[in-house]
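One structure is given below, encoded as structure tokens.
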Amino acid sequence: MEESIAELRETFRSGTTKSVSWRKKQLRALLDLVNENEDSIFQALDQDLGKSRVESYRDEIGVIKKSAAYSLSCLDKWMAPKKGELPLLFFPAKAEVMPEPLGVVLIFSSWNFPITLALDPLIGAISAGNTVLLKPSELAPACMSFLTQTIPRYLDNKAIKVIGGGADVGERLLELKWDKIFFTGSPRVGRLVMTAAAKYLTPVTLELGGKCPAIVDNTLSNPSKAKVTAKRIVGGKWGPCTGQACIAIDYVLVEEKLASTLIEMVKKYIKRFYGDDLKELKSISRIVNKHQFQRLANLLKDPHVAASVVYGGSVDEEKLVIEPTILLDPPLDSEIMNEEIFGPLLPIITLKNIEESIEFINSKPNPLVIYAFTENETFKKRILSETSSGSVTFNDSMIQFLCDSLPFGGVGQSGFGRYHGKYSFDTFSHEKSVLHRAFYPELEPRYPPWTNFKFSFLKLAYAFDYFGLILLMSGFRKS
Amino acid sequence: MILSQKHPDSHALNTPQKLTLPHRHYRRRRSYRPKKSQNNVNHVMASEEEKKSVFDVESAKEVVKELRASFAAGKTKSYEWRSTQLNAMLKMMEENEPQIVAALRDDLSKPELESSIYEVAMVKSSCRVALKKLKHWIMPEKAKTSLITFPSSAEIVSEPLGVVLVISAWNYPFLLSLDPVIGAIAAGNAVVLKPSEIAPATSLLLARLAADYLDRSCIKVVEGAVPETSALLEQKWDKILYTGNGRVARIVMAAAAKHLTPVVLELGGKCPVIVDSDINLQVATRRIIAGKWGCNNGQACISPDYIITTKSYAQKLVDSFKCELERFYGKNPFESKDLSRIVNSNHFARLSKLLDEDKVSGKIVHGGERDEANLRIAPTILLDVPQDSLIMTEEIFGPLLPIIQVDKLEDSFDVINSSGTKPLAAYLFTNNKKLKEKFVATVSAGGLVVNDTTVHLAEHTLPFGGVGDSGMGAYHGKFSFDTFSHKKAVLYRGFACDAFVRYPPYSRGKLRLLEALFNGSFFSIIRALLGWFKS
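Protein chains in written order, with UniProt numbering: chain A, 1 to 479; chain B, 1 to 535.
In structure tokens, the structure reads:
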């Protein structure tokens with residue numbers, strides 16, 4: 001392991017990764033990797049998570065292709081130094097901010113989107129000119145295996161490495177010095193990563209999770225909008241990896257009087273999208289492993305929680321499948337309402353007045369996303385200004401993930417730092433400020449021994465009082 | 001837990017005392033050196049009173065609780081509150097300049113001009129920039145959307161992080177305290193400022209002025225040393241900005257990790273200056289002197305730490321330094337009023353050790369005189385010290401300037417990069433375009449300046465921060481606002497045009513259509529649609 005990292009450092013030192021042509025070549029190679037191995041990727045995702053082809057394309061293959069293509073098209077622009085404005089006092093001078101790679105970076109990816117969460121940050125790290133070590137999650141073993149075997153065939157081995165293995169490998173990696181660590185996963189492990197990074201003052205980006213709420217107001221009273229809302233909620237809950245996604249809808253907030261409408265519509269679309277036979281659910285992933293399965297099944301064991309199930313609730317331990325399940329008003333102090341669910345259980349919490357949803361959300365740690373289905377502009381403004389989350393999406397779910405111009409990241413317990421699009425490039429770059437000065441003219445007042453004149457001059461200069469300076473220098477102003 | 005065990009005095013104070021907030025200033029008992037100023041009496045008297053109140057973890061919790069309540073009540077979010085506070089800070093600096101200058105003279109013997117310009121004027125300038133630009137900074141930024149999310153609109157909204165902690169340093173105690181606080185306020189946060197105990201007069205003054213001028217329910221100053229800082233670090237903050245050294249930075253970041261608190265660390269490093277031969281030597285020398293001894297006598301994170309020049313040019317450079325140093329500070333620099341002193345005896349001892357090391361003591365070519373009683377060390381230049389000497393491995397942070405000689409100037413990049421650490425700043429004096437290009441491309445540092453030193457600090461359109469061992473994150477100007485904000489992405493969608501392709505049951509047709517949508521090409525979308533209709 002130490003040898004691999006030494007090689008990555010050496011490669012970085014040699015400057016290979018800094019050239020735009022190297023970066024573009026790697027990005028194109030990554031595109032080739034994905035294009036030429038789609039079937040293998042489909043198979044690996046099916047094996048690890050039971051993901052269907054459309055879901056795999058939409059959430060993994062398509063995302064990577066789009067991301068790599070976008071980076072390729074923007075890379076020249078991103079790498080160009082940004083000109084800085086300078087005040088007259090500095091004349092003649094030139095200022096710019098130059099992005100430069102950080103060096104050798106470590107990426108930890110998660111198991112729920114094992115291709116996207118590994119390769120999307122990789123795209124950012126490569127675009128920014130770094131060398132990379134990628135540690136995919138061992139909880140998605142087929143995908144990890146795919147990545148460890150395929151990446152070396154397409155990308156520059158000396159600069160981009162993949163390492164398999166379990167938590168022990170992760171721990172050993174954290175004992176070493178990196179120039180950046182990018183982590184996607186749980187807050188618990190996020191703390192460990194940051195604590196380890198502190199030893200070397202390594203900057204980190206932590207993409208964590210949280211309980212992402214969906215607020216639904218009286219747009220439900222409009223039948224066609226209610227349909228779209230219900231579809232998007234169902235699509236935003238069970239669509240991504242059967243709810244095992246950091247941006248999946250965790251729970252829904254709705255007014256009491258509209259709850260039954262919502263539940264009926266959600267049930268309808270669950271049946272239409274996935275079927276209603278536990279043994280024959282279609283177009284939906286499964287739970288990743290026994291441990292997660294047990295965790296989710298246990299959430300339903302609490303008798304008060306079990307009593308609140310209004311749809312679903314059946315589990316198949318052998319196949320690691322849990323039926324899409326709706327709960328109505330489970331106890332607020334139950335585990336299901338305090339831990340991130342990360343699975344196919346959807347609590348619906350009813351409120352007397354939908355405006356109470358703001359207070360409800362604020363009583364919990366900041367989520368990664370807040371979804372709000374509403375057309376009430378005042379309510380939208382309140383949600384934006386009175387809650388805090390990584391991001392907010394109005395009248396839809398999940399789709400903000402695809403928007404390259406929006407920063408994707410958390411705040412508070414949902415993490416810090418961000419990526420996607422140019423933000424990926426920035427997160428793996430150091431923005432170095434560069435100021436070019438000329439030898440002439442010289443400002444004598446800069447230098448001691450200090451006099452009243454110099455003092456006045458500098459005071460006026462720092463206040464950018466050019467007129468005052470002229471008066472001072474021409475003798476019309478006393479120092 | 002972190003920095004040290006509980007402060008010994010606090011054992012004696014186990015009888016719980018109700019600590020009333022927010023008007024009390026919490027400080028631990030310090031041992032002061034005898035000071036020449038009038039403030040001496042006040043400090044001694046204060047230390048008796050100090051024994052009675054100890055700022056511990058409970059106190060820290062209370063402070064944070066109060067600030068969280070203020071933040072939750074929305075006090076800090078309005079534009080009015082932010083601009084009122086910034087205006088108040090401006091007024092605070094304008095009305096108290098003599099006191100500020102006096103405190104800096106007490107703590108650092110800082111020359112009046114340095115205090116007025118590098119501390120007061122810079123804080124005022126920072127306030128003015130924030131006031132002028134605040135409305136613009138607060139406005140959401142529109143973001144483009146693509147075909148995939150059509151129809152939609154998007155924006156990025158800046159929101160305050162919440163309750164933030166600023167821990168500042170002793171060398172520019174006003175600037176490094178208030179400049180980050182300006183950013184925190186501009187971004188709408190509640191703030192706790194913990195000034196450095198190594199500059200006690202300014203710490204005391206900051207506490208008093210902040211209580212008098214700023215909104216005490218949202219902005220607090222907590223004085224103290226290791227125990228108080230530890231107590232603060234145990235709390236959950238929404239951001240911590242720390243200015244100081246790498247050792248304590250590691251402690252700060254580890255403490256922040258427990259609460260997943262993002263941090264900005266403004267550290268230091270050995271800032272090198274490469275000096276070419278074909279330049280205006282006098283101007284270059286003066287600018288290096290201004291950045292070195294003119295900045296708190298070398299006790300600044302961006303002061304030139306050491307020089308690299310060619311063997312053939314070194315002597316000329318030394319001679320030029322001797323000449324200009326005398327012009328600036330006179331024959332006997334101990335008599336010059338324009339040089340700060342060394343901050344305290346610890347640092348004096350540290351710097352003396354650097355000079356006394358065997359392999360270095362014989363390399364002094366100018367200066368080297370010391371006055372321990374007055375904590376003065378003359379501007380000192382050393383020539384050709386070994387690379388493995390202490391003075392070349394530790395950040396000097398004082399008035400000693402080693403000059404390293406290389407055969408050809410291009411070798412200087414290897415010297416800099418071989419240190420294995422990235423400094424906060426790096427400087428180059430040259431007229432050679434290729435050398436400039438190589439410098440900018442090869443040397444990694446927080447910031448670079450060509451043909452000058454330190455002035456980039458004053459330019460608010462440039463991000464000021466380190467990389468690697470010199471820190472992470474940046475601030476100044478809008479970067480301060482951004483560093484204390486969360487940039488929340490907002491996507492607005494409507495109910496129309498609901499793409500059926502998103503929903504199960506999935507089919508080959510939907511897969512093809514999705515592929516086409518991701519490609520973003522209309523042609524392939526039409527083809528896929530036609531194909532879908534056919535099948």
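We treat Cβ as the ideally placed atom computed from N, Cα and C, and that holds for glycine. Note that the structure is a prediction, hence the values are computed from the model and not measured.
(message) At 3 residues or longer, what runs of the beta strand (DSSP E) sit wholly inside the segment 255-326 of chain B?
(response) Within the segment 255-326 of chain B, the complete beta strand (DSSP E) segments of 3 residues or longer fall at 263-266, 271-275, 304-310, listed in chain order.
(message) Which same chain residues end up closer than 7 Å to Lys82(A) when comparing Cβ atoms and leaving out the 5 residues on each side of it in sequence?
(response) Contacts found: Glu96, Val97.
(message) Quick check: is the beta carbon of Val490(B) nearer than 7 Å to any beta carbon in chain A?
(response) Yes, Val490(B) counts as interfacial toward chain A.
(request) For the alpha helix (DSSP H) holding Ser125(B), just list the boundary residues, first then last. (result) Where Ser125(B) is concerned, the enclosing alpha helix (DSSP H) stretches over 122-138.
(message) Quick check on Pro173(B) - is its C-beta less than 7 Å from some C-beta in chain A?
(response) Judged by the 7 Å Cβ criterion, Pro173(B) is not in contact with chain A.
(request) Go through its chain and collect everything with a Cβ distance to Ala314(B)'s Cβ below 7 Å, but skip five positions before and after it. (result) Cβ neighbours of Ala314(B) within its own chain (closer than 7 Å, five residues either side excluded): Leu383, Ile403, Gln405.
(request) For chain A, find out if any of its Cβ atoms is closer than 7 Å to the Cβ of Asn451(B); answer yes or no. (result) Yes, Asn451(B) lies at the interface with chain A (some Cβ there is under 7 Å from its Cβ).
(request) Using a cut-off of 9 Å between C-beta atoms, extract the partners of Val164(B) located in chain A. (result) Contact note: Val164(B) does not reach chain A at a C-beta cutoff of 9 Å; the least C-beta distance is about 12 Å.
(message) Considering only their Cβ atoms, is the gap separating Thr430(B) from Pro304(B) smaller than 7 Å?
(response) Not closer than 7 Å, so no.
(message) To the nearest angstrom, how far is the alpha carbon of Lys158(A) from that of Gly129(A)?
(response) Between Lys158(A) and Gly129(A), the C-alpha separation is close to 13 Å.
(request) Flag this pair as yes or no: are the beta carbons of Val234(A) and Ile270(A) separated by less than 7 Å? (result) With respect to Ile270(A), Val234(A) sits close: the two C-beta atoms are nearer than 7 Å.
(message) If you measure between the beta carbons of Glu442(A) and Val283(B), is that distance less than 7 Å?
(response) It is a contact, given that the beta carbons lie within the stated cut-off.
(request) Could you pull out every residue in the same chain whose Cβ sits closer than 6 Å to the Cβ of Met1(B), ignoring the five residues on either side in sequence? (result) No answer about Met1(B) holds up, because its pLDDT of 36 lies below 50 and its placement is not dependable.
(message) For Ala46(B) and Lys220(B), I'd like the C-alpha separation in whole angstroms.
(response) Caution is warranted here: a pLDDT of 47 is assigned to Ala46(B), below 50, making its placement in the model unreliable, and the coordinate value is therefore given only provisionally. Cα to Cα, Ala46(B) sits roughly 19 Å from Lys220(B).
(request) Measure from the C-beta of Phe150(B) to each C-beta in chain A and report whether the shortest distance is under 7 Å. (result) Taking Cβ atoms only, chain A never reaches closer than 7 Å to Phe150(B), which makes this a no.
(message) Please return the same chain residues whose Cβ sits closer than 8 Å to the Cβ of Arg172(A), not counting the five positions on each side in sequence.
(response) Cβ neighbours of Arg172(A) beyond the five flanking positions: Met1.
(message) Is it the case that the segment 53-63 of chain B contacts the segment 220-229 of chain B, given that we only count it when at least three CB pairs across the two stretches are under 8 Å?
(response) Remark: three or more beta-carbon pairs, one from each stretch, lie closer than 8 Å, so the segment 220-229 of chain B and the segment 53-63 of chain B are flagged as touching.
(request) Within the segment 148-176 of chain B, note down every full beta strand (DSSP E) run reaching 3 residues or more, in order along the chain. (result) The segment 148-176 of chain B contains these whole beta strand (DSSP E) runs: 152-160, 163-167.
(request) Determine the chain A residues that contact Leu462(B) at a beta-carbon separation under 8 Å, and present them in chain order. (result) Against chain A, a Cβ distance below 8 Å from Leu462(B) picks out Gly84, Ala95, Val97, Ser433, Leu435.
(request) Could you tell me if Ser109(A) is buried or exposed, where buried requires 16 or more neighbouring beta carbons within 10 angstroms of its beta carbon? (result) By the 10 Å Cβ count, Ser109(A) comes out buried.
(request) Could you check what DSSP says for Glu340(A) in three-state terms: helix, strand or coil? (result) Glu340(A): coil per DSSP, three-state reduction.
(message) Measuring straight from C-alpha to C-alpha, what distance separates Asp179(A) and Pro203(A)?
(response) For Asp179(A) and Pro203(A), the gap between their C-alpha atoms comes out near 7 Å.
(request) Label Leu288(A) either buried or exposed according to how many other C-beta atoms from any shown protein chain fall within 10 Å of its C-beta, with 16 as the threshold for buried. (result) Here the sequence assigns Val to residue 288(A), which means Leu is not the residue at that position. Buried, by the Cβ-count rule.
(request) Grab the span of the alpha helix (DSSP H) containing Arg23(A) for me, first residue to last. (result) From DSSP, the alpha helix (DSSP H) with Arg23(A) extends over 20-36.
(request) With a threshold of 16 other CB atoms inside 10 Å of the CB of Leu147(B), please say whether the residue is buried or exposed. (result) Residue burial annotation: Leu147(B) is exposed, with fewer than 16 other C-beta atoms found within 10 angstroms of its C-beta.
(request) Grab me the residues of Ser116(B)'s own chain with a C-beta within less than 8 Å of its C-beta, minus the 5 sequence neighbours each way, in chain order. (result) Counting only Cβ-Cβ distances below 8 Å, and skipping sequence neighbours, we find Glu97, Val101.
(message) Can you list, in chain order, the residues of its chain with a C-beta nearer than 6 Å to that of Tyr200(A)? Leave out the 5 residues immediately preceding and following it.
(response) Within its own chain, the residues whose Cβ lies closer than 6 Å to the Cβ of Tyr200(A), once the five positions on either side in sequence are excluded, are Lys177, listed in chain order.
(message) Going by beta-carbon coordinates alone, are Val63(A) and Thr116(A) separated by less than 7 Å?
(response) Yes, they are a contact pair.
(request) Since I believe Thr149(B) is in contact with Leu258(A) (beta carbons under 8 Å), could you give me their beta-carbon distance rounded to a whole number of angstroms? (result) About 27 Å separates the two Cβ atoms, so there is no contact after all.
(message) Is there a Cβ of chain A sitting closer than 7 Å to that of Leu113(B), yes or no?
(response) Interface residue, yes.
(request) Give, in chain order, every unbroken run of the alpha helix (DSSP H) that is at least 4 residues long and sits entirely within the segment 244-290 of chain A. (result) Counting only runs of 4 or more, we get 256-274.
(message) Measuring alpha carbon to alpha carbon, tell me which residue in Ala196(A), Glu264(A), Ala372(A) is nearest Ala256(B).
(response) Cα-wise, what sits closest to Ala256(B) is Ala196(A).
(message) Using a 10 Å radius around the Cβ and a threshold of 16 neighbouring Cβ atoms, would you call Val443(B) buried or exposed?
(response) Buried, since its Cβ has 16 or more Cβ neighbours within 10 Å.
(request) Name the residue from Thr261(A), Glu207(A), Phe273(A), Thr205(A) whose alpha carbon lies nearest to the alpha carbon of Gly236(A). (result) Ranking Thr261(A), Glu207(A), Phe273(A), Thr205(A) by Cα distance to Gly236(A) puts Phe273(A) first.
(request) Output, in chain order, the set of chain B residues within a Cβ distance shorter than 7 Å of Glu100(A). (result) Going along chain B in sequence order, the residues near Glu100(A) (Cβ under 7 Å) are Ser444.
(request) Please list the residues of the segment 389-405 of chain A that have a C-beta atom closer than 8 Å to any C-beta atom in chain B, keeping them in chain order. (result) Taking 8 Å as the cut-off between beta carbons, the residues of the segment 389-405 of chain A near chain B are Ser389, Gly390, Ser391, Val392, Thr393, Phe394, Asn395, Asp396, Ile399, Gln400, Leu402, Cys403, Asp404, Ser405, in sequence order.
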